[in-house]
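What follows is a set of notes on a single structure, which appears directly below.
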Amino acid sequence: MFTRFLIKPGAPQWLWVLGVLGDFLIFGGILFGLLQLVPVRFRRPLIVALTFIAGLIYSVEFFYPADPKTQMNFLTPLRIKLGEATKVVYAFALGLGTFNLIRFHGGNVIRNRAGWFYSLVFFISFFAMAGAGFWSYYCPSRAAENTYNMLFEGIVASLGATMFSTIGFYIVSAAYRAFRIRSAEATLMLLAAFIVMVGQVPVGAYITSGLPEVGPLRNLRLENLSYWILSQPNMAAQRGIWFGIEVGALAMALRQWLSLERGSFFEREL
Amino acid sequence: MDHATWPTGTLVVLLSILILYKIFSARLGKSLFIRRIPGLNAIDEAVGRATEMGRPMVFVPGIGGLSLPTLQALSILKYITGIAAKYRTRIIVPTIDSVVYTVAEEIMKDAYAAHGTPEQFNPDDIRYLSDDQFAFASGVVGILNREKAASNFMFGYFAAEALILAETGHQVGAIQIAGTPSVLQIPFFITAADYTIIGDEFYAASAYLSREPTLLGSLVGQDYAKALLILIILAGIITVSLPPMHFHGWLSFLNHLPDWVKWFQ
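Going down the list, the sequences are from chains A and B. Counting in the working numbering, the first sequence runs from 89 upward without gaps. Counting in the working numbering, the second sequence runs from 11 upward without gaps.
Right under this line is the structure:
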């Protein structure tokens, strides 16, 4: 806030970063101090009121008709600003998360716990990736970009893809266990899964290619059966589950907004 | 974000009124019946098993931020931590989100203190692993394998990593209870976990476990809301299935039924 008045446009980036941090320290400090001044018995009503007002802003913004041209109403700019403020809170929490990582892995290395070597790998990876990121951002060069790409594309993205690809193996093992169960439900699931899977591949269409493409018998072609299972019973079940989930989410949102959900998270009152 | 159309707004307000009515009537002392949910009953069994085996439990609160599914997961975490405190069983909570990490840490600290065992709280058991989906998944897989978890709870929002976590939990021999509002992951959990909480049962968990009147009322209100939705669906089916008809006399209001149904679409 004050940063805009104190720092001129075009000032070095580090000065802006310092300014923004200073803003948060000053305003955060004032807010924290004011909260501490509030008597304990008023803290809960204060939090309840703030929660209600925040929820009300989002609710009114959602229900109040929007301008058809801009798709915005009078509260939309405030809602966007609130979203940005939430991101700042998240940024601070990220610092706490990083602190947790460093404390945990640092403890492993210092106390020589089992697997301390992996904690050392964490520190090397952490500082290498952070260093490459800062280097390519603040001193852009071919070498910096290559280093960053090698670490990110070559290692991080590849490891993510490797992890993702293991799902294929897990699907097989999970499906084997599910189909091995000898019950009516498992048999029905096996049959449905067989039709859906075979109906999706060319060989499935080939198996029942002898059946006519028009008339009642076309419904028995595997690709049509597969489509029917996916689009009718499967879709109906999914939508049924969705209805339940959304109504449950609405109920929980109401409880949170009106602060009715006491004791679900903390035993002690503020 | 989209804005509500008039029919959406009306429906949401109607459903909200139904839910709030049941919440407040429950708070006034009306007794309510809720059905048995096996997955939630099994939580005590899973904690007991971990206690008997002397091995830790793992609680994964999903890969979402501090959203409704995660809040629901955290309320279940509070309940499980309470039992873990009672039986002095260790519980490890890996998180993908730094805000969830901080809230989970406070919840656990509070739960241990409430059960008179604040010394049991170990800050190293709540771990922020990574904000990357598969880095987080590999971290949890590592914890499940290294710690030989006896019980694995997976509650919250999950995506592609759901099966990786559930299958690893199965491989280490953990009893697994899972619940997610993510419809695409429910089949994976049904296949790989021992107990799965499906659909609205997920949001019923805190009510079921705490038996708190407000939450129970909310649960019954949800059922009323679903009954209303079923009525709207039935009206829709009837109006699109029947041939055009014209009613006279006191039944003439039925002539407008198709228009009402269209209004909700």
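For every residue, glycine included, the Cβ atom is placed at its ideal position computed from N, Cα and C.
With respect to chain B, the C-beta atom of GLU241/A has no partner C-beta closer than 9 Å. When 9 Å is used as the limit between beta carbons, PRO128/B is near no residue of chain A, the shortest such separation being about 12 Å. When the five nearest sequence neighbours on each side are left out, the beta carbons in the same chain lying within less than 6 Å of the beta carbon of SER216/B are those of SER85 and LEU225, in order along the chain. For VAL103/B, the enclosing beta strand (DSSP E) stretches over residues 101-105.
For GLN82/B, the neighbours in chain A by C-beta distance under 8 Å run, in chain order, MET340. With a cutoff of 9 Å on beta-carbon distance, ALA56/B and SER161/B are scored as near each other. Going by DSSP, GLY171/A is part of the alpha helix (DSSP H) stretching over 164-198. For GLN186/B, the secondary structure class from DSSP, reduced to helix, strand or coil, is strand. For SER161/B, the enclosing beta strand (DSSP E) stretches over residues 161-165.
Flagged as an interface residue toward chain A: LEU25/B, by a C-beta distance shorter than 9 Å. In the three-state reduction of the DSSP assignment, THR206/B falls in the strand class.
In terms of CA proximity to GLN181/B, GLU157/B leads the group ALA36/B, GLY126/B, PRO133/B and GLU157/B. From the beta-carbon of ALA237/B, no residue of chain A is found nearer than 9 Å; the closest lies around 10 Å away. Closest in C-alpha terms to MET63/B, from the list ILE185/B, LEU261/B, ILE136/B and PHE69/B, comes ILE185/B. Using a Cβ-Cβ cut-off of 9 Å, ALA14/B counts as an interface residue toward chain A, since at least one Cβ of chain A sits closer than that to its own.
Within 10 angstroms of the beta-carbon of LYS175/A lie fewer than 16 other beta-carbons, which makes it exposed. It is roughly 20 Å from the alpha-carbon of ALA179/A to the alpha-carbon of GLY72/B.
For ARG65/B, no beta strand (DSSP E) segment is defined, and its DSSP state is neither H nor E. As summarised for the stretch 228-272 of chain A, the continuous alpha helix (DSSP H) elements at least 4 residues long and confined to that stretch are 230-239 and 246-268, given in chain order.
When C-beta distances to chain A are compared with 7 Å, the residues of the stretch 160-178 of chain B below that value are ALA170, LEU173, ILE174 and GLU177, in chain order. The shortest CA-to-CA distance from GLY58/B to any of GLY75/B, LEU38/B, ARG98/B and PRO79/B is the one to ARG98/B.
Assignment of ARG46/B by DSSP, reduced to helix, strand and coil, places it in the coil class.
Within the stretch 256-273 of chain A, the residues whose Cβ lies closer than 9 Å to some Cβ of chain B are PHE257, TYR258, ILE259, SER261, ALA262, ALA263, ARG265 and ALA266, listed in chain order.
Within chain B, the residues placing a beta-carbon under 7 Å from that of TRP330/A are VAL193, ordered along the chain. For TYR146/A, same chain residues with a beta-carbon under 7 Å away, outside a window of 5 residues either side, are ARG167 in chain order.
For the 9 Å CB-CB criterion, ALA262/A and GLU222/B do not form a contact. If you compare the alpha carbons of ASP269/B, LEU267/B, ILE247/B and GLY231/B with that of ALA36/B, the shortest gap goes to GLY231/B.
Closest option to ARG343/A, judged by alpha-carbon separation, among ASP12/B, GLN82/B and MET255/B: GLN82/B. In this structure, THR139/A keeps its C-beta atom at 9 Å or more from the C-beta atom of GLU149/A.
DSSP places ARG201/A outside both helix and strand once states are collapsed to three, so it counts as coil.
Pairing ALA145/B with MET251/A gives a Cβ-Cβ distance under 9 Å. Scanning its chain for C-beta atoms nearer than 8 Å, with the 5 sequence neighbours on each side dropped, one finds no residue around VAL209/A.
Chain A places a beta carbon closer than 9 Å to that of VAL22/B, counting this residue as a contact. For ASN51/B, the number of other beta carbons within 10 angstroms of its own is below 16, and it is reported as exposed. The continuous alpha helix (DSSP H) containing TYR122/B extends over residues 108-124.
Any Cβ of chain A closer than 9 Å to the Cβ of THR224/B would place that residue at the interface, and such an atom is present.
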